[in-house]
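To start, the structure itself, in structure tokens.
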Amino acid sequence: MATTFCLINQKGGCGKSSTCFHLAGAFAELGMNVLLLDMDPQGSLSQGFLGSEFVESLSSKETMTMLFDESSFFESRDALLHPTQFDGITICPANQTLAPFNAPEPEKTGMLQYAIREFLTEQHDYDVVLIDCPPNLYRCSWTSMVAADYVVIPVPPEDFGTQGLRAVHQCVQQARQLNPDLRRLGHLITRCDQRLLVHRMYEQKLRELYGEMVLDTVITEASAFKVALTRRRPVQFHDAESKAAKLTLSLAREILDRISLDERKRKVA
Ligand SMILES: Nc1ncnc2c1ncn2[C@@H]1O[C@H](COP(=O)(O)OP(=O)(O)OP(=O)(O)O)[C@@H](O)[C@H]1O
Ligand SMILES: [Mg+2]
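Numbering (our numbering), first residue to last: 1 to 269.
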């Protein structure tokens, strides 16, 4: 079975999609088969791999929408899986057709809460699944948490309101009622400029608050991430020698180390 991670934060622009995009490249570089699920109606991750025009032209049956749309329940899910130009990376895209389904109060949607979880039980070819969530904690994020093994919370080092993070943690706690195995892999500091005192202070504060629940790897703000995205190539395949590519590879390795440590701890417990 694949290990499934969902990237969640209700703050917009904190690097959820960018992290999924580049991390997919790093995992693929490490020889893993990666499945990406785009759960954001904005479709940024899908557009990154497949291009805007193509993604916007997809019908709901070719996107994650089909998992929530009653008229598609009995159709094959194969049309959802889109290969990318990179070996080892497959994506289930999203576009605006998903927006009407991303409603608040997701815990009132009965069996549909398990839609992604059920879909993933049918996928046997992958080592890692990364789910990109929208900047809210509605149904798309909720069903992702119900399906995931681990939550990763990307945080830019300027978000001093702890209110937002508290809501994310509460939501993870609630989702555990349906998915008791859901674990927090940790907070991932993104878009960090370590020359700025304010960013260094934020990092220190976050590590004081959350200790081991902050990943050691810090993703810095770097133009290589943006340039690679505009070329539709994870930074690993755009410029493997760049600092951005090396950082992303370290992040992938740290994630794999953390999950193997977590699995060992669970076996002992
Ligand atoms: N480490 C980075 N260095 C430079 N630019 C970055 C970095 N991370 C993200 N960006 C840029 O910041 C913008 C927002 O990033 P991204 O789309 O990944 O955020 P998001 O959390 O997915 O946003 P949303 O909440 O809208 O889905 C994008 O233009 C992206 O290319
Ligand atoms: Mg996004």
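C-beta atoms are modelled at their ideal positions from N, C-alpha and C, and glycine is treated no differently.
Boundaries cannot be given for T84, as no beta strand (DSSP E) includes it and DSSP labels it neither H nor E. Residue pairing from DSSP places Y150 in a beta bridge opposite F5, R183. For L36, the pairing in a beta bridge is given by DSSP as I91, L130.
Counting the other Cβ atoms within 10 Å of the Cβ of H124 gives fewer than 16, which makes it exposed. Exclusion of D69 from the 7 Å shell around ligand 2 follows from its C-beta lying no nearer than that to any non-hydrogen atom of the ligand. Annotation: the region 10-69 contains the following complete segments of the alpha helix (DSSP H) (minimum length 4 residues), in chain order: 16-29, 44-50, 52-57.
For T220, the beta-bridge partners assigned by DSSP are C192. Pairing E203 with P154 gives a Cβ-Cβ distance that is not under 8 Å. Looking at F73, S17, P93, the one whose alpha-carbon comes closest to that of H82 is P93. Around the beta carbon of Q194, fewer than 16 other beta carbons sit within 10 angstroms, so the residue counts as exposed.
In the DSSP secondary-structure assignment, V155 is bridged to I189.
Straight-line spacing of the CA atoms in E122 and T4 works out to 14 Å. If you draw a straight line from the Cα of R191 to the Cα of M64, it comes to about 28 Å. With fewer than 16 other CB atoms across the displayed protein chains lying within 10 angstroms of its CB, D216 is exposed. In the DSSP annotation of this structure, the continuous segment of the alpha helix (DSSP H) that includes H199 starts and ends at 197-210. Between the alpha carbons of R258 and T248 lies a gap of roughly 15 Å. Ranked by Cα distance from L165, the first of G186, L182, K246, Q177 is G186.
Proximity of the beta carbon of D193 to ligand 1 is not indicated: no heavy atom of the ligand is located closer than 7 Å.
When C-alpha distances from V235 are compared across L188, V172, E75, F27, the shortest belongs to F27. Ligand 1 has a heavy atom closer than 7 Å to the beta-carbon of S18. Each of G48, Q42, T97 was checked against the Cα of G12, and the nearest Cα belongs to Q42. Comparing alpha carbon positions, the residue from M213, A244, E208, D239 closest to A222 is A244.
Remark: C-beta atoms of M213 and L182 do not approach each other more closely than 8 Å.
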